[in-house]
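For reference, the structure is listed below as structure tokens.
Number of protein chains: 2
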Amino acid sequence: MSLRHAVLGILAQKPVTGFELLSEFDISRSVIWPAPQNEVYRVLRVLKQEGLAREVARGARGSRTYAITDAGREALRAWLMAPSDYSLRYEPMLKAVFLSEVGGEDRRERAKADLAFFEEQLAILKIRGEAVQRSPDAPGKRVDAWRMAISFYQAMAEWARAAAAGDR
Amino acid sequence: MSLRHAVLGILAQKPVTGFELLSEFDISRSVIWPAPQNEVYRVLRVLKQEGLAREVARGARGSRTYAITDAGREALRAWLMAPSDYSLRYEPMLKAVFLSEVGGEDRRERAKADLAFFEEQLAILKIRGEAVQRSPDAPGKRVDAWRMAISFYQAMAEWARAAAAGDR
DNA sequence: ATATCACATGTGACTGATCACATGTCGAGG
DNA sequence: CCTCGACATGTGATCAGTCACATGTGATAT
């Protein structure tokens, strides 16, 4: 997995410029990790070179609009259906592994900070969810990601609530 | 976040050799991602050089046992309590974002494959959980990680079950 | 004796991610 | 007219992670 796939996926929905791509990453930061700005442009160039995307237009301020090619669509589909890499890199989970190394007070503090974030994400996702419901076939109706993210943050919040309360 | 912290955390529980560290990573692969073999040895050398770990013994077959130093403990604690990086890199979630790009049949197939994995992990975690319950203060009583992982995989399985059944 | 396997550590090359910095354009408002 | 902020793309250095490969030891069984 890498940025490549995320970029290819967004490209599959509509042609975009690097700049627009960046804001896509920013908007969906609850689900997709934040992309380093320069890497997006590099990925776009590589994708083009590999024939998975092509440059379809030049706009103002030197902007380049990229679109997915047939080969790109095929590559995306192949990746989606290929066996997944289930390895999880999530800092809060890694911290949980070693949380026994700090005292009870610190542990609760850690869990509280986590809980605040998880609840914030849930609130954001719920607001976005209403928009999804209103327009069922909206641009990129990402129902699966939305549901998975809701499930995920609910699970995380559940853990954090118990730990913040001091449950052992 | 990086391997550094995972290695430091394990070191905080007991002195280990690189080889033992590798098997730790292997054992807890439901929670910590698999560590590339050579990287573990590199991290150990770096940690030593930075004064966060020290070499405490040489054993058979050139094995080197490392232990955490006071500075290492302090660094671990600082990391644990520092604001977390909540960005999530998880291939199944990224795939979910773009799952609308494939047909209903493919989507169910994808979800089924995921479900099988999530349920397997839950089974593994439950078996390990019984051991945790029996020895409440066992070596590295990682209750937090265990609970978080259970919550996590239950959430994932819940999503996958719905998607595999074809829910829209 | 010696073959084999588990133990144990390492190097070199490469790729992808990240950081810091650099450059230029277009439109709106003072 | 000029400044400022949003738009838009890029380079170079560095680092962590990954892949492929290399090397050697000690115990055990045949």
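Those protein sequence lines, which keep their order, are chains L and U.
Sequence positions in the first sequence follow the numbering used here and run 315 to 482.
Sequence positions in the second sequence follow the numbering used here and run 315 to 482.
For glycine and all other residues, C-beta sits at the position ideal for the given N, C-alpha and C.
Source: prediction; values computed, not measured.
Could you check if glycine 373(U) is buried or exposed, using at least 16 other CB atoms within 10 Å of its CB as the buried criterion? By one-based count along the second sequence, residue 373(U) stands at place 59. Label assigned to glycine 373(U): exposed.
Out of Val345(L), Phe432(L), Tyr400(L), Ala430(L), state which residue places its alpha-carbon closest to the alpha-carbon of glutamate 433(U). As a working note, residue 433(U) is residue 119 in the second sequence. The option with the nearest alpha carbon to glutamate 433(U) is Tyr400(L).
Figure out for me which residue from Ala389(L), Gly376(L), Ser344(L) has the closest Cα to the Cα of alanine 367(L). Looking up residue 367(L) in the first sequence gives position 53. The residue with the shortest Cα to Cα distance from alanine 367(L) is Ala389(L).
In chain L, which residues lie with their C-beta within 7 Å of the C-beta of valine 321(U)? The residue you call residue 321(U) lines up with position 7 of the second sequence. In chain order: nothing, as chain L lies at least about 11 Å away.
Starting from valine 416(L), find everything on chain U with Cβ-Cβ shorter than 8 Å and list it in chain order. As a first step, residue 416(L) must be located in the first sequence, where it is residue number 102. Result: Arg391, Leu394, Met395.
What number of angstroms, rounded off, separates the C-alpha of serine 344(U) from the C-alpha of arginine 442(U)? As a working note, residue 344(U) is residue 30 in the second sequence. As a working note, residue 442(U) is residue 128 in the second sequence. Straight-line Cα distance between these residues: approximately 11 Å.
Quick one: is glycine 418(L) buried, meaning 16 or more other Cβ sit within 10 Å of its Cβ, or exposed? Along the first sequence, read from residue 1 onward, the residue named residue 418(L) stands at position 104. Exposed, because fewer than 16 other Cβ atoms sit within 10 Å of the Cβ of glycine 418(L).
Answer with buried or exposed for glycine 348(U), where buried requires no fewer than 16 other C-beta atoms within 10 angstroms of its C-beta. Position 34 of the second sequence holds residue 348(U). Glycine is not the amino acid found at residue 348(U); the sequence shown has proline there. Looking at its Cβ environment, which holds fewer than 16 other Cβ atoms inside 10 Å, proline 348(U) is exposed.
Would glutamine 363(U) pass as an interface residue toward chain L - the criterion being a Cβ-Cβ separation below 8 Å? Taking the second sequence and counting its residues from 1, the one referred to as residue 363(U) is at position 49. Not one chain L Cβ lies under 8 Å of glutamine 363(U).
Provide the residue(s) that pair with glutamate 369(L) in DSSP beta bridges, ordered along the chain. The residue labelled residue 369(L) in the question sits at position 55 within the first sequence. Paired residues: Tyr380(L).
Leaving out the 5 sequence neighbours to the left and right, which residues in its chain are closer than 6 Å to alanine 425(U) when beta-carbon positions are compared? One-based indexing of the second sequence puts residue 425(U) at position 111. So the qualifying residues of the chain are Ala474, Ala477, Ala478.
List the residues of chain U whose Cβ lies closer than 7 Å to the Cβ of valine 345(L), in chain order. Working through the first sequence from its first residue, we reach residue 345(L) at position 31. By Cβ distance, chain U contributes Met407, Val411.
Tell me whether the region 326-334 of chain U and the region 378-385 of chain U touch, counting them as touching only if at least three CB pairs, one residue from each stretch, are closer than 8 Å. Counting Cβ pairs under 8 Å, three or more are found: they touch.
Contact residues within the region 316-341 of chain L, judged by C-beta distance below 7 Å to chain U: Going along the region 316-341 of chain L in chain order, one finds His319, Ala320, Gly323, Ala326 with a Cβ nearer than 7 Å to chain U.
Valine 457(L) versus chain U: which residues are under 8 Å apart at the beta carbon? On the first sequence, residue 457(L) is found 143 positions in, with the first residue counted as 1. At a beta-carbon threshold of 8 Å, the residues of chain U lying near valine 457(L) are Ser414, Arg482, ordered along the chain.
Residue range of the alpha helix (DSSP H) that includes glutamate 334(U): As a first step, residue 334(U) must be located in the second sequence, where it is residue number 20. Note, glutamate 334(U): alpha helix (DSSP H), 332-341.
Thinking C-beta only, is aspartate 428(U) closer than 8 Å to serine 316(L)? Sequence index remark: in the first sequence, residue 316(L) carries index 2 (1-based). Sequence index remark: in the second sequence, residue 428(U) carries index 114 (1-based). In this structure, aspartate 428(U) does not lie closer than 8 Å to serine 316(L) by Cβ.
Using a Cβ cut-off of 8 Å (strictly closer), state whether serine 377(U) contacts chain L. To locate residue 377(U), count along the second sequence from 1; it is residue 63. No, serine 377(U) does not count as interfacial toward chain L.
Min CB distance tryptophan 473(U) to chain L below 8 Å: In the second sequence, counting from the first residue as 1, residue 473(U) sits at position 159. At a cut-off of 8 Å between beta-carbon atoms, tryptophan 473(U) makes contact with chain L.
Mind pulling the chain U residues with CB within less than 9 Å of aspartate 428(L)? For this step, residue 428(L) is matched to residue 114 along the first sequence. Those are Ser398, Tyr400, listed as they occur along chain U.
If we define contact as Cβ-Cβ less than 8 Å, is alanine 469(U) a contact residue for chain L? Taking the first residue of the second sequence as position 1, residue 469(U) is located at position 155. Flagged as an interface residue toward chain L: alanine 469(U), by a C-beta distance shorter than 8 Å.
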